[in-house]
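Residue 258 in UniProt numbering is what sits at position 258 of the sequence shown, and the numbering runs on without skipping anything.
C-beta: ideal position from N, C-alpha, C; glycine also.
All values derive from a computational prediction rather than experimental measurement.
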Amino acid sequence: MSTTSRAIADWMRLRDLTTVFGGPGADGAFPGDVRRIRGLQEAVVVAMADGYASVTGRPALVDLGCAAHGAGAVLGAAANRTPLIVTTGLGHPGHGHGSARPAVKWSCAPAPRDVPAALEWAYHVSLTPPRGPVFLSLPADLAATEADPAPAVRPLAAAAAPDPIALAVLAERLDRARSPVLVVGADVDASGGWAAAVELAERCALPVWEAAQSGRVSFPQSHPHYRGALLPGAEPAARQLATHDLVLAAGVPPPEGVAAVLLTSDPSCAAFGDVILGDVRQALTALAELTKLRHEPLPGTWPAPSPAPRGSRPMSLVTALAALAEGAPPETIWVSESPPSRPVFHDQIRIDRPGSFLCAAGGEAGHALPAAIGAQLGEPSRPVVAVVGDGSLQHAVAALWSAAAYRVPLTVVVLTDGARAMLRWLSRLDGAGPGADLCAIAKGYGVAASHVESAEALTAALRIATASDLPMLIEVPVNGP
């Protein structure tokens with residue numbers, strides 16, 4: 001027997017989990033020799049862990065005080081299918097255990113001696129498709145209690161192979177179809193299925209649509225087969241797919257009312273019509289091998305980026321995003337939060353590499369900035385650029401403290417149009433609302449900041465920021481959403 005805290009430390013080393021995200025007062029569950037990334041607010045802490053796990057593909061450890069303030073971000077992680085192991089413990093047996101259940105795949109309040117085994121089980125559950133957060137309510141004073149030794153760590157092969165007979169039947173349907181189409185969702189990118197999706201699209205002459213408001217980009221947007229994103233809402237998306245006699249949806253349920261064959265790793269999606277359950281990357285790879293090569297030309301392509309006018313003050317949103325596209329290194333990871341402007345974003349900034357775009361699939365406000373910090377920590381060899389509105393920044397402005405405290409070299413681009421639309425509406429009732437000096441706020445947290453008003457200055461500022469070893473914020477007034 002050993003103390004519970006020592007058994008936890010042994011388990012973390014065996015699993016090579018060396019980073020813990022937590023609040024200022026969350027110190028009890030994990031040993032002192034790990035890298036602790038702290039945040040001033042629990043939703044920020046969870047979102048940082050979400051970004052970290054999204055780029056590493058491995059579970060992130062989150063140690064919260066009471067967990068209440070992080071609940072919305074945990075729900076966001078569930079929507080993003082992010083593997084998180086969230087722990088809390090205030091010395092009250094089962095604290096938060098029951099309330100966490102709707103947001104997580106599994107929750108538990110283990111006895112002290114069972115904590116190491118519970119953590120190992122949580123690790124497996126978080127990685128088993130569909131991936132997602134799990135929750136442990138831990139007892140207090142783990143250093144003074146005994147536990148069983150850390151359980152044996154065994155490899156986890158969570159990607160289940162899809163049924164080969166079902167895939168063979170589907171391949172025949174694709175060969176017979178007059179006008180098949182492929183719709184890709186976030187699970188294609190998350191499963192490493194980019195190359196397989198491209199191979200299948202090229203072999204079967206498939207036009208490719210991105211799912212509406214997907215949390216990732218799962219097909220190269222400059223590819224001639226790419227058609228853009230489906231419109232939000234069942235009816236508009238159905239109209240976009242109406243001319244096709246076979247819809248193949250990979251990694252995302254099809255729009256409501258659209259008959260499709262779904263490739264998914266999520267058993268809960270089995271009610272969405274014809275489903276082949278299993279790893280999406282493996283399914284796409286097998287279909288590319290089983291189908292016949294088509295030599296049919298594709299009608300039309302996704303338009304080239306719209307012209308970006310120069311010279312206006314403030315610059316248009318199109319101009320600002322075009323300037324960002326010009327200044328960013330090709331290996332950049334983009335983290336975005338501005339649903340109204342997302343079509344304009346992808347019109348100008350084409351994502352052509354896997355693992356290069358993240359946003360909140362559940363739409364929670366304030367996700368992008370802390371998620372970008374976590375993504376930069378998890379992928380230090382690639383520049384990370386967060387593109388947010390001034391309203392989005394205010395939801396998680398405390399994340400700037402973490403960026404400065406840990407010298408995280410990400411770039412934060414804030415597209416400002418004065419205030420959130422809701423705040424502008426309220427100002428008509430209560431008088432003019434106060435503005436916010438975002439550069440001063442960033443500098444107050446220790447983050448270097450600049451204000452630019454021309455496309456040329458924005459491109460230059462972005463190049464400086466992405467080459468820096470420290471976090472930088474760029475404020476950009478724009479005329480648009």
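Between R36 and V20, the C-beta gap is smaller than 8 Å, which places the two residues in contact.
Secondary structure of W209 (DSSP, three-state): strand. In the three-state reduction of the DSSP assignment, W334 falls in the strand class. For A195, there is no enclosing beta strand (DSSP E); the enclosing alpha helix (DSSP H) covers residues 194 to 204.
The continuous beta strand (DSSP E) containing A386 extends over residues 384 to 389.
Under the 8 Å Cβ criterion, the stretch 102 to 121 counts as touching the stretch 61 to 77, having at least three qualifying pairs. Looking at the backbone, the Cα of P267 and that of A323 are separated by about 43 Å. Beta-bridge analysis with DSSP links G22 to R38, D63. Excluding residues up to 5 positions away in sequence, nothing lies with its Cβ nearer than 6 Å to the Cβ of R353 in the same chain. In this chain, the alpha helix (DSSP H) harbouring Y123 covers 115 to 127. With contacts defined by Cβ atoms closer than 8 Å, L241 and A250 do not form a contacting pair.
Taking the C-beta atoms as reference points, T319 is found nearer than 8 Å to R310.
Shortest Cα-Cα distance from H346 to any of P370, S454, L321, A368 involves L321.
For C359, the three-state secondary structure derived from DSSP is coil. In this structure the stretch 177 to 190 does not lie against the stretch 155 to 166, because fewer than three pairs of beta carbons, one per stretch, are closer than 8 Å. With distances taken between CA atoms, A177 lies nearest to A205 out of A205, L142, Y406, P409. Cα atoms of S2 and V153: separation of roughly 18 Å, rounded to the nearest angstrom.
In the displayed model, I276 falls within a strand according to three-state DSSP. Nearest to A186 by alpha-carbon distance, out of S265, S306, P116, is S265. In this structure, G51 sits near G378, with a CB-CB distance shorter than 8 Å.
The criterion of a C-beta distance shorter than 8 Å is satisfied by L369 and V412.
With contact defined as three or more Cβ pairs closer than 8 Å, the stretch 326 to 343 and the stretch 449 to 467 are in contact. Under the 10 Å beta carbon count, P253 is surrounded by 16 or more other beta carbons and is classified as buried.
Taking 8 Å as the cut-off, the beta carbon of T416 is found no closer than this to the beta carbon of L400. Sixteen is the threshold: when 16 or more other Cβ atoms of the shown chains lie within 10 Å of the Cβ of P83, as they do, the residue is buried.
In this structure, V258 keeps its C-beta atom at 8 Å or more from the C-beta atom of I276. Assigned with DSSP and collapsed to three states, R216 falls in strand. When secondary structure is reduced to three states using DSSP, A29 falls in the coil class, being assigned neither helix nor strand.
Rounded to whole angstroms, the separation of the alpha carbons of M472 and G389 is 16 Å.
Shown here, Y226 sits in a strand according to DSSP, grouped into three states.
In the structure shown, the three-state DSSP call for E296 is coil.
Excluding its 5 nearest sequence neighbours in each direction, A150 has C-beta neighbours in its own chain below 7 Å: A7, D10, W11, L14, P116, listed in chain order.
In the three-state scheme derived from DSSP, where H, G and I count as helix and E and B as strand, H395 is classed as helix. Inclusion of R131 and R81 in the CB contact set at 8 Å is warranted, their separation being smaller than that value.
When DSSP reads this structure, N80 sits in no beta bridge, so it has no partner. When the five nearest sequence neighbours on each side are left out, the beta carbons in the same chain lying within less than 7 Å of the beta carbon of A53 are those of P59, A60, T82, P83, L84, in order along the chain.
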